[in-house]
Structure formats: structure tokens, C-alpha cells
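**Q**
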Amino acid sequence: MIKRLLVANRGEIALRIIRACRELGVESVAVYSEADARAPHVAAADRAVPIGPAPAVDSYLSIPRLLDAARAEGADAVHPGYGFLSENAAFAGACERAGLVFVGPPASVIAQMGSKIAARTLMQKAGVPVVPGETPEDQTDDGLHRMVERVGLPVLVKASAGGGGKGMRRIRDAAEIGDAIQAARREAAAAFGDGTLYVERLVEHPRHIEVQVFGDHHGRIDHVFERECSVQRRHQKIIEESPSPALSPAVRERIAAAAVTAARAAHYRNAGTIEFLLDGSGDAAQFYFLEMNTRLQVEHPVTEAVSGIDLVRAQLLVASGEPLPWTLGSLTQRGHAIEARVYAEDPARGFLPQAGRLLLCREPRRPGVRVDAGVAEGSDVSVYYDPMLAKVIASAETRDAAIVRLSAALQEYPILGIRTNIPFLLRILAHPRFQAGTVDTGFLDGDGAALAEGGDDTPPAFLQAAIDMHRQSPAGGRTAGTGAAATAFDPWRTLGAWGR
Amino acid sequence: MAEPLRVTRVGDGVYHVEHDGRSHIVYIAGSSGDLWAWTDGRVFRGDFGEAGDPPRRAARAIGPQALTAPMPATVVKVLVKAGDAVKKGDTVLLLEAMKMELAIRAPGDATVRAVYCREGELVQPETTLIDLQ
């Protein structure tokens, strides 16, 4: 079994991993940059090592510094968390060569799945559906026309050589094919010096469905059901849930089986996620492999809530060579769980990231609510890292009940001193399309775009009375929430032995 | 016209308000001229006047021609120098914070009087970066 684990991350995920270490009797080693010396994850770990200045490239992204820290502290394993170096094959390889257990798949698997083309080829060979498309050898107008017909309308014609929307044309009508091919070719040639075109099926209203998979060293691979993450803003997931309201039982079974096939084809070990695009609805819905994430996901708690599995604990057991800590095929998906990501950003001002001190921060407590936070009252939110502050996960018997519970929890999560996206999250949860479970990945850029605008910002009439009393109270008028009295609600204090 | 209203302090910065037969929890923090308040998932910031005055938003006392950083950020590019004429909406500075680029634009037609920051410098909110006249 792993004895001492270096946690190569920060924030809420570092705390999540440290908590799992406590339960397994594994010693935890935190690392921190100069900006994080007072961060909660540093206080929570058994040991903590400074690894450099605030910019991540000199600290959390520095492979030599992390390996030095592991060596100096006598760690025998490394957990990369998510983000930073978690999907960096060079880091996994360096750990392997240094004799450290990397809590994740082998470096070769990370490298293969990190290449979109290699991953797609592998999945096609394994029989996992991919978005139909190819670069035809015959690049004449006729050749491309035939390829468009073979792939089937609607299609996306795009530059084979590059991305960024240049040389990209949507074709929905057969009459547009000729003009679109020529325009795309001209743009591609101008932008990339190469007019070669790729033809791909256009999924018009895709939903993002992903399947949690898990493999051990004994050849066992299982899935832990799906998550739906269609509420996204600029490809950033904001709200995730399990089960997906979009899947019929038959499609749910097929997508899970395809994910296991995909993981098996990749010779996958430890926790991973197969992401799919879902096109259409009901039993006729089609799904296509998008990519594989070779790490723990931000949204893993919704899977934990519906399956009862502690995924991080399972990661540490499997990395230590133990078999999957459940019997294959024995899991059930119970109830419904929804996660909302709380970001330090101001939706009313173009989602501008916020930095500053949390003057007041009180976590909600109610049955069926879990909060994974990387900050506490008095924490300084810096400009250096991802602005995610916390995740709030609500689970209940039904989706409707989970929505109500999550809304109630977010209303009871006061964060003062910086703006957060909580009011925006509440507006999404209240939107009829979210409540009906019909949101696709374009929702927040289309129907839901107006939700970013702060509604009525007139304070309710009763607010002034509370403020007047606050001004008269001993701490009022000065900074409240950072004094000794604030610890009455301090979540770190109530963690007891787990927190320190 | 005032509804019966009862306020009870229940903790540091936490108040229970009964109003119109409903109760609310209000959380308050900040300093006197810049208070933050939270209730029912809504957040308000301002100086909230003197007792009894209608609430109003805090007006930041920056000169109309002083451009400031909205948050701690790194100066990526300075696009003007003293003496340059700028038009309303012209980008004069590029800042970067949390991996996002942020353009600072001229609020009106003006002449650059002085530039107080350098490329690569870490700047704090509210500090003047460029003076226009």
C-alpha cells in the first residue's frame, strides 16, 4: 500500500485527496507556491513543501520541483489531481522513472489518449462510434461533394490543417454544397497555406455525456455510470449531473458498454472518463466518442453520490495494486445528484475573474448537500490560478428534488468580499429548459445567454434594517467576519482531526 | 407605510429579519463605506447611506480621466505614451489576470497625460495606470 503521497495540486482537489489519505492511513504531503502559503490545503496535510513562486509554471507545473519535493519528503506516490500536470505524459513518465507510483494510468496511455487523432483511430478500430468524417484523398469539388453525401447532411467542412473556425463552413442544404466547399478551400488556403478540407457530420444540438470508467492491475474494467455536463460556457462546464436526463434506458446501457470497450482498448488503469457527444433523443439517439480524460474529473462527486463509491479512495487502492474495491457489475445508480461550480467571477461584467479576500464565507449545511471548497473565510483569492472556489453537490431521490435542494444550498452559501457566479447558477437552476432537462451545450450562448445579466439589483426593503443594526454592533462598521468571533461558523474548525 | 420589521443579531455579521410575515437571514461584511450584504442568494455592495436613508450603490471616487485596474493584474502591453491622442473606445492597455486578457479602453476622446505602469508589472486594483486629459 502507498505510504506517503505527494499531492501535486492545490485548492479543493488537494483537500479532497488529503481527506482520502486520512481514511486510508496514508501520509499526505502538500506542495504550495508562495501565493498559497496560508491556503487550506497546506494546513490540512501531514507535511507541506514550498515549491516556488506564485506563477504555476514555476511551481505547480514544474516537474523538477515536484520530483525534488517528493524525494526530499520520502514520498512513494504522486496524485496529480485534475488540471496542472494531471494529463501530462512526461510527468507521469518522470514519476515512473523516479520510482514513484503515479496515481493514474501509465504514461503511454496518457500520451496515446492525449493525441486526438491517435485516440480516434484507436476507438474506430475498437468499434466505438466516432463522429463520422474524414479527409478525402480526392480533394476536387466532385470528390468533396461525394464525401459530403457519404457523411450525410448536415456537415461541417473545415481546414484539415488547422482550427479556430477558419476555413469552416456548415452545410445544411444540398444546394449549398458547391459554394461552401469553394469558400472553405479559399479560407483554408489563405489561413494555413493548405486548402485540404476535412468533412465531418455536424451535430446540431449536442449534449455532453461522459462515462466514468475504472480499471485495475488485474484486468478488471468497469463503468460507474454517466454524467451529463451540457451546461457549459465557452467549453467550461458549470453544472453537472447524474443520471443524465437525456438518456433512455437502452441508450444508457449502450453508452456505458461503449465506454468500457473504449477503456479496454486503451488498456486503461485507474479512474478515467470517456466523453461522448449525444445527438438526438430517446432510443434513436446517437452518441459519438469525443475524447478520453485520463484523470479524475472535477465533477466526480456526482458519481460518488449516486453510486456510493469513494472514487479517490478507489484510486489510491488501485494504484497500490489492489483490485477494484467493488464486485464487477454490482453497482447501482441511486437517486439523482447535481453539482454546481462556484467561480470567483462577475457574470454581470463579462465573467471578469475576481480577486480579493473572502470577508465572509459560510458553507451551507443540510441533508444531501456536500461542499468541496478550496477556500475558507479570510482566504485570499489570487489572480494566479483557476477561479473555481468550490463545488456544491446536492443529491436527492429525484432530479426535481435535487434541483430544489441545490438551489436552497446555494442561497445559503454567502460569500462576501468578491463577486461569485452563485446568482447566475441560481438563475440557471430556475430556467424552464434546465428544469425540463433539455439543455444542450449551446444553451448558455443561446437561450440562456441573458442569464448572465444580473436581474434586479435593488436591495430588498428589509436589508437596510439589518445594516443599521450591523453598524451599531461592536464589530459593525469595521471588517466583520475575520475576527475571532467568526470561528463560530468556521468550517475548518468543525472538521476536527480530518481538517488539520 | 413601514411594515413591521424585527431584526435580531444571531452571529458575527449574521442577522435574522422578520418582515411581512417572512423571515430572512442577512449576512454583512466589509468596512463602513464599502459594505457587502447577502440575502437569499443575492449579493449587494455599497455604502448603504446613513441610517434610514434609501440604500444606494457605492460611487468610486476616481477622476473621470484616471484609468485604473479593476483587479490585481499583470500589464501585458502599454499601447499609448504621454502626449498621444486617443478616441473613445481605443484600447490603451492590455492586462492579464487569471489567464484572461483584459483590455482597458479610453472612456472618451482625450490626450494621454501620463502612463504610470510598465509592461510586465503587477498592478493592484484602484491604482491609477494612465491619466487622460
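One line per chain: the protein sequences are A and B, in this order.
To convert, note that position 329 of the first sequence is 329 in the working numbering; the numbers rise steadily by one, no gaps.
Each number in the working numbering comes from the position in the second sequence (counting from 1) with 1000 added on.
Note that the Cβ used here is the ideal one computed from N, Cα and C, for glycine as well.
As the structure is a computational prediction, the values presented were derived from the model and not from experiment.
Of all the residues that make up the stretch 1027-1041 of chain B, which are near chain A by a beta-carbon distance shorter than 9 Å?
**A** Cβ contacts with chain A: Y1027, I1028, A1029, G1030, S1031, S1032, L1035, W1036, A1037, W1038, T1039, D1040, G1041.
**Q** Identify the contact partners of Q236 (chain A) in chain B, using a Cβ-Cβ distance below 8 Å as the criterion.
**A** The premise fails here: Q236 (chain A) is roughly 12 Å from chain B at the closest Cβ pair, so nothing lies under 8 Å.
**Q** Among the residues of its own chain, which have a CB less than 7 Å from the CB of R170 (chain A), if the five just before and after it don't count?
**A** Closer than 7 Å at Cβ, skipping near neighbours: P154, L156, L202.
**Q** Can P105 (chain A) and M1098 (chain B) be called in contact, C-beta distance under 9 Å?
**A** The answer is no: Cβ separation not under 9 Å.
**Q** Can you give the Cα-Cα distance for A1103 (chain B) and D386 (chain A), rounded to whole angstroms?
**A** A1103 (chain B) and D386 (chain A): Cα-Cα distance of roughly 20 Å.
**Q** V128 (chain A) and T261 (chain A): beta carbons closer than 9 Å?
**A** Yes.
**Q** Please confirm whether D445 (chain A) has its beta-carbon closer than 9 Å to some beta-carbon of chain B.
**A** No - not a single Cβ of chain B is within 9 Å of the one on D445 (chain A).
**Q** L1132 (chain B) by DSSP, collapsed to three states: which one?
**A** Correct three-state label for L1132 (chain B): strand.
**Q** Enumerate in chain order the residues of its own chain whose CB-to-CB distance from R437 (chain A) is below 8 Å, with the five nearest sequence positions on each side excluded.
**A** The question names Arg, yet the displayed sequence has Gly at residue 437 (chain A). Cβ neighbours of G437 (chain A) beyond the five flanking positions: P245, A246, R399.
**Q** Determine which residues share a DSSP beta bridge with K391 (chain A) and list them.
**A** DSSP lists A:R341, A:D372 as partners of K391 (chain A).
**Q** Three or more C-beta pairs closer than 8 Å, one from the stretch 264-271 of chain A and one from the stretch 351-366 of chain A: is that the case here?
**A** The stretch 264-271 of chain A is not in contact with the stretch 351-366 of chain A.
**Q** Taking Cβ positions only, does H431 (chain A) come closer than 9 Å to chain B?
**A** Chain B, which has no Cβ nearer than 9 Å to the Cβ of H431 (chain A), makes this no.
**Q** In angstroms, rounded to a whole number, what distance separates the CA positions of R120 (chain A) and A266 (chain A)?
**A** C-alpha separation (whole angstroms): 11 Å.
**Q** If we count the other Cβ atoms within 10 Å of its Cβ and call it buried at 16 or more, is H235 (chain A) buried or exposed?
**A** Per the 10 Å Cβ criterion, exposed.
**Q** Please decide whether P245 (chain A) counts as near chain B, where near means a Cβ-Cβ distance under 9 Å.
**A** With 9 Å as the cut-off, P245 (chain A) does not count as an interface residue toward chain B.
**Q** May I ask you to report which of helix, strand or coil DSSP gives E73 (chain A)?
**A** Three-state DSSP puts E73 (chain A) in a helix.
**Q** Less than 9 Å separating the beta-carbons of I209 (chain A) and R185 (chain A)?
**A** The answer is no: Cβ separation not under 9 Å.
**Q** Which of the residues in the stretch 397-415 of chain A, read from start to end, lie with their CB under 7 Å from any CB of chain B?
**A** Listed by position, the residues of the stretch 397-415 of chain A near chain B (Cβ gap below 7 Å) are L410, Q411, P414.
**Q** Assign S1023 (chain B) to buried or exposed, taking buried as 16 or more other Cβ atoms, counted over all protein chains shown, within 10 Å of its Cβ.
**A** S1023 (chain B) should be labelled exposed.
**Q** Contact criterion: CB-CB distance below 9 Å. Does V1092 (chain B) meet it with respect to chain A?
**A** No, V1092 (chain B) lies away from the interface with chain A (no Cβ there is under 9 Å from its Cβ).
**Q** Tell me which residues share the same chain as P80 (chain A) and place their Cβ nearer than 6 Å to its Cβ, disregarding the 5 neighbours each side in the sequence.
**A** Only A8, S86 meet the Cβ criterion.
**Q** Work out the CA separation of E339 (chain A) and K391 (chain A) for me, nearest whole Å.
**A** Their Cα atoms are separated by approximately 7 Å.
**Q** Is any beta-carbon of chain A found at less than 9 Å from that of G1052 (chain B)?
**A** In this predicted model, G1052 (chain B) has a pLDDT of only 45, less than 50, meaning its place in the structure is not dependable; the value taken from the coordinates is given anyway. So, interface residue.
**Q** Please report whether the beta-carbon of V1017 (chain B) lies at a distance below 9 Å from any beta-carbon of chain E.
**A** Structure shown: chain E not included; protein chains present are A and B.
**Q** In chain order, what residues of the stretch 1004-1016 of chain B put their CB closer than 9 Å to some CB of chain A?
**A** Residues passing the 9 Å Cβ filter: L1005, R1006, V1007, T1008, R1009, G1011, D1012, G1013, V1014, Y1015, H1016.
**Q** Residue ranges of each alpha helix (DSSP H) run of no fewer than 4 residues wholly in the stretch 258-320 of chain A, ordered along the chain?
**A** Within the stretch 258-320 of chain A, the complete alpha helix (DSSP H) runs of at least 4 residues are 300-307, 311-319.
**Q** With a threshold of 8 Å, are at least 3 pairs of Cβ atoms found where one atom belongs to the stretch 6-23 of chain A and the other to the stretch 303-322 of chain A?
**A** Cβ pair count under 8 Å is three or more, so yes.
**Q** Here's the rule I'm using: 16 or more other beta-carbon atoms within 10 Å means buried, otherwise exposed. How should A1059 (chain B) be labelled?
**A** Summary for A1059 (chain B): the model assigns pLDDT 37, below 50, so the residue's position carries little reliability; its value from the coordinates is reported in the next sentence. By the 10 Å Cβ count, A1059 (chain B) comes out exposed.
**Q** What's the C-alpha gap between A373 (chain A) and I415 (chain A)?
**A** Their Cα atoms are separated by approximately 12 Å.
**Q** Determine the extent of the alpha helix (DSSP H) in which V148 (chain A) is found, giving its start and end residues.
**A** Note, V148 (chain A): alpha helix (DSSP H), 141-151.
**Q** How would you list, in chain order, the residues of chain B whose beta-carbon sits under 9 Å from the beta-carbon of A262 (chain A)?
**A** Neighbours of A262 (chain A) on chain B: none; closest Cβ ~31 Å, over 9 Å.
**Q** For G1021 (chain B), would you say it is in contact with chain A, using Cβ-to-Cβ distances shorter than 9 Å as the test?
**A** Not one chain A Cβ lies under 9 Å of G1021 (chain B).
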